[in-house]
Structures are given as C-alpha cells and as structure tokens.
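Q: Residue numbers (my numbering): 425 to 708.
Cβ atoms here follow ideal geometry from the backbone N, Cα and C, with glycine treated the same way.
Every value quoted in this text rests on a predicted model; they were computed, and no experiment measured them.
Below is the structure I would like to discuss, written out as structure tokens.
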C-alpha cells in the first residue's frame with residue numbers, strides 16, 4: 425500500500441470509532457496518532473492520557489504536555505504503580521504485559537461513565553515483528569491500535585509527521601526505562617533513577633538515540649552509531665565516565681553496534697557475539 429492509502433485507512437478507522445482515548449506518551453507514534461485523531465474527529469472527541477511513573481523518562485514530561493497543548497489537547501495524568509507488583513518488578517520476559525494491563529485498567533477506571541470510551545494506543549506495524557507481550561494485555565482490555573491496523577510502519581509515521589510538521593518527526597524512539605534491564609534482574613526505584621539520570625546526562629552531552637543499559641553494577645551505553653567516534657575524545661570520555669561513576673556504576677561500557685531497536689530482546693532470540701567495549705579502561 426502507498427503511504428496515502430495507509431493514511432486514508434487510518435482516517436477511516438478513526439472516523440468509524442467516532443471518539444478515542446489515547447494512551448499518550450509524547451513519543452513519535454502516539455503524538456502522530458493524537459494529531460491524526462484530532463484532525464479527523466476534532467478535539468472534543470479525543471482524550472489524551474499520560475501515565476507517569478518512575479519508568480517514564482523524566483526528560484519527556486514537559487515536552488509531551490507542550491506538544492499536545494499546541495494541538496489544542498489537554499492531557500489528563502494518571503500515576504501507575506507497576507513497581508509495587510512483584511510480577512512486574514521481578515522482570516520476567518513478559519514484564520510488559522503487567523505494565524500495560526495496569527495502564528489500561530487505570531485508564532478504563534478514569535473514563536468510566538464518560539462519553540469517550542474507545543481506548544487506543546500507538547503501536548505500529550513494525551511492533552508485530554518484535555517481542556511485545558504487552559499486546560496480550562491490549563487484547564484483554566479491548567484496546568485497539570489504529571496505526572497497526574492501517575499498516576503504518578515507524579518510517580511511514582515519521583514521514584507523515586514530517587509532512588504535518590510535527591516536532592516529533594525525527595525524535596528519538598521512546599521506550600520505558602524498565603526496558604533497560606536484562607530479563608530476570610529485579611527492577612527497583614533506585615535503579616530506575618540511576619538509568620534516568622544517566623540518560624539525561626547523555627542527552628545533555630548531545631548524544632541521541634541513547635539507551636543506558638543497566639546490569640547489576642555495569643552500564644552499557646548505546647548511542648547512534650555515527651556518534652561513537654566522539655568518545656575517542658579523551659576529555660569527553662573522562663567526563664562521561666566520572667559522571668556515571670558518581671551515579672553509582674562501577675563499570676561503564678560502550679556497545680559498538682550502537683543503538684538499535686529491540687536490542688533488549690536479542691537474548692530471547694538466537695545467541696549473538698557481543699561487542700561491548702569498556703570505555704573507562706580504553707586508551708585513546
């Protein structure tokens with residue numbers, strides 16, 4: 425299908441629904457869905473709900489609210505407490521299921537008795553090819569994914585966002601901070617705060633597509649592959665290492681493959697050769 429056909433299909437899906445409640449994060453996909461929905465249905469038929477928790481990157485909050493406000497949409501806030509559920513905090517392979525189930529349970533409770541009740545999320549067509557246990561929770565809560573139903577990929581969504589002049593069209597992919605931990609390592613508030621602080625610092629240095637992968641006392645950094653060469657600068661490297669040790673990491677390594685979507689789930693597939701490089705012991 426052409427991009428135009430896919431977008432027209434999305435509009436048709438939204439029109440048939442009439443009104444929607446969007447699980448909004450401020451990321452590329454949910455922002456585009458919010459824009460498409462408000463254009464097609466009007467702001468009176470669209471509700472955006474943003475869930476805050478320690479798993480949500482702190483640097484994203486203000487930007488998400490502002491982007492929605494510029495569309496004329498006020499964002500309702502809810503607080504999720506997935507860390508209080510050991511089924512989530514023990515970090516099993518299906519961790520995402522428990523997070524999504526609680527999210528939409530709380531959204532459903534918030535909108536109970538209101539006129540707008542069709543819950544939707546920003547999952548796209550590419551998500552079908554990755555390990556996404558949260559999709560089961562969506563199905564159980566009768567949550568629809570219009571972008572996915574329309575066959576829109578991440579590349580499609582970025583291009584349409586660019587055409588619509590959305591500020592998120594070239595924004596880094598957004599994922600909850602809980603995805604920074606290898607399956608089986610318990611997640612707690614302190615660890616999430618460490619990851620959040622580490623990523624905020626990487627952003628302040630100008631890196632993008634960043635992931636601070638936490639494993640016990642080790643931090644494995646993913647950044648855009650083209651930016652890896654920047655860490656050959658001694659001053660920058662030493663500054664980065666110093667900050668990460670202050671945060672609480674003993675070992676700091678750089679993933680030489682750089683950022684790629686779904687790297688957390690590589691261990692659930694076939695084994696691969698790792699390419700981690702410990703940069704606090706690297707002589708350059």
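For residue 632 versus residue 658, is the C-beta spacing smaller than 8 Å?
A: Against the chain shown, residue 632 aligns to sequence position 208. Against the chain shown, residue 658 aligns to sequence position 234. Against a cut-off of 8 Å, the Cβ pair of residue 658 and residue 632 comes out as no contact.
Q: Checking the sheet assignment: what are the DSSP bridge partners for residue 453?
A: For the purposes of this step, residue 453 is taken as the residue at position 29 of the chain shown. Paired residue(s): none; residue 453 is not in a bridge.
Q: According to the neighbour-count rule (16 or more other Cβ atoms, all chains shown, within 10 Å of its Cβ), is residue 546 buried or exposed?
A: On the chain shown, residue 546 is found 122 positions in, with the first residue counted as 1. Buried, by the Cβ-count rule.
Q: Taking residue 488 as part of the alpha helix (DSSP H), name the residues at either end of that continuous run.
A: Taking the first residue of the chain shown as position 1, residue 488 is located at position 64. In the DSSP assignment, residue 488 falls within the unbroken alpha helix (DSSP H) covering 485 to 494.
Q: Could you check where the alpha helix (DSSP H) with residue 437 kicks off and where it finishes?
A: As a first step, residue 437 must be located in the chain shown, where it is residue number 13. From DSSP, the alpha helix (DSSP H) with residue 437 extends over 427 to 441.
Q: Roughly how many angstroms separate the alpha carbons of residue 622 and residue 444, rounded to a whole number?
A: The count along the chain shown starts at 1 and reaches residue 622 at position 198. The count along the chain shown starts at 1 and reaches residue 444 at position 20. Near 36 Å, if we compare the C-alpha coordinates of residue 444 and residue 622.
Q: So, does the region 634 to 641 touch the region 600 to 615, judging by three or more C-beta pairs under 8 Å?
A: yes
Q: Label residue 539 either buried or exposed according to how many other C-beta atoms from any shown protein chain fall within 10 Å of its C-beta, with 16 as the threshold for buried.
A: For the purposes of this step, residue 539 is taken as the residue at position 115 of the chain shown. Counting Cβ neighbours within 10 Å, residue 539 comes out exposed, since fewer than 16 surround it.
Q: Taking the runs of the alpha helix (DSSP H) that are 4 residues or longer, which of them lie wholly in the region 572 to 628?
A: 578 to 587, 613 to 628
Q: Exposed or buried, what is residue 584 when buried is set at 16 or more other beta-carbons lying within 10 Å of its beta-carbon?
A: Counting from one through the chain shown, the residue named residue 584 turns up at place 160. Flag for residue 584 reads buried.
Q: Just list the residues that DSSP pairs residue 568 with in beta bridges.
A: For the purposes of this step, residue 568 is identified with residue 144 of the chain shown, where counting begins at 1. Answer is 544.
Q: Relative to the alpha-carbon of residue 441, which residue among 464, 634, 449 has its alpha-carbon at the smallest distance?
A: As a working note, residue 441 is residue 17 in the chain shown. Minimum Cα distance to residue 441 is reached at 464.
Q: Here's a check: name, in chain order, each residue in its chain whose Cβ is nearer than 8 Å to the Cβ of residue 427, leaving out the five neighbours to either side.
A: As a working note, residue 427 is residue 3 in the chain shown. Around residue 427: 580, 583, 584.
Q: Whole angstroms is fine: what's the gap from residue 507's alpha carbon to residue 611's?
A: Residue mapping note: residue 507 aligns to position 83 of the chain shown, counting from 1. Residue mapping note: residue 611 aligns to position 187 of the chain shown, counting from 1. So the alpha carbons of these two residues sit roughly 8 Å apart.
Q: Taking contact to mean 3 or more Cβ pairs, one atom from each stretch, closer than 8 Å, check whether the region 494 to 507 and the region 519 to 530 are in contact.
A: Enough Cβ pairs lie closer than 8 Å, so yes.
Q: Within the same chain, show all residues whose beta-carbon is closer than 6 Å to that of residue 541, passing over the 5 residues directly before and after it, in chain order.
A: As a position in the chain shown, residue 541 is number 117, starting the count at 1. Excluding residues within five positions, the ones whose Cβ falls inside 6 Å are 535.
Q: For residue 457 versus residue 544, is the C-beta spacing smaller than 8 Å?
A: Position 33 of the chain shown holds residue 457. Position 120 of the chain shown holds residue 544. Their beta carbons are under 8 Å apart, which means residue 457 touches residue 544 by this criterion.
Q: Determine the DSSP secondary structure at residue 502, reduced to helix, strand or coil.
A: Start at 1 with the first residue of the chain shown, and residue 502 comes out as number 78. It is a strand residue.
Q: When you compare the CB positions of residue 634 and residue 678, do they come within less than 8 Å of one another, or not?
A: By one-based count along the chain shown, residue 634 stands at place 210. By one-based count along the chain shown, residue 678 stands at place 254. Their beta carbons are not under 8 Å apart, which means residue 634 does not touch residue 678 by this criterion.
Q: Less than 8 Å between C-beta atoms, sequence neighbours within five positions excluded: which residues of the same chain meet that for residue 496?
A: The sequence position of residue 496 within the chain shown is 72, counting from 1. These residues qualify, in order along the chain: 462, 467.
Q: Is residue 497 helix, strand or coil when you go by DSSP?
A: Locating residue 497 in the chain shown gives position 73, where the first residue counts as 1. Coil at residue 497, not helix or strand.
Q: Under a Cβ-count criterion, where at least 16 other Cβ atoms within 10 Å of its own Cβ denotes burial, should residue 697 be classed as buried or exposed?
A: The residue you call residue 697 lines up with position 273 of the chain shown. Confidence in residue 697 is poor, its pLDDT being 41 and thus under 50, which makes the residue's placement too unreliable to answer from.
Q: DSSP three-state call for residue 661: helix, strand or coil?
A: Locating residue 661 in the chain shown gives position 237, counting from the first residue. In this structure, residue 661 counts as helix in the three-state DSSP scheme.
Q: Hey, out of 650, 586, 478, whose CA is closest to residue 594's CA?
A: Position 170 of the chain shown, counted from the start, is the residue given in the question as residue 594. For residue 594, the nearest C-alpha among the options comes from 586.
Q: Which residues mark the beginning and the end of the beta strand (DSSP E) in which residue 474 is found?
A: Working through the chain shown from its first residue, we reach residue 474 at position 50. According to the DSSP assignment, residue 474 belongs to the beta strand (DSSP E) that extends over 470 to 476.
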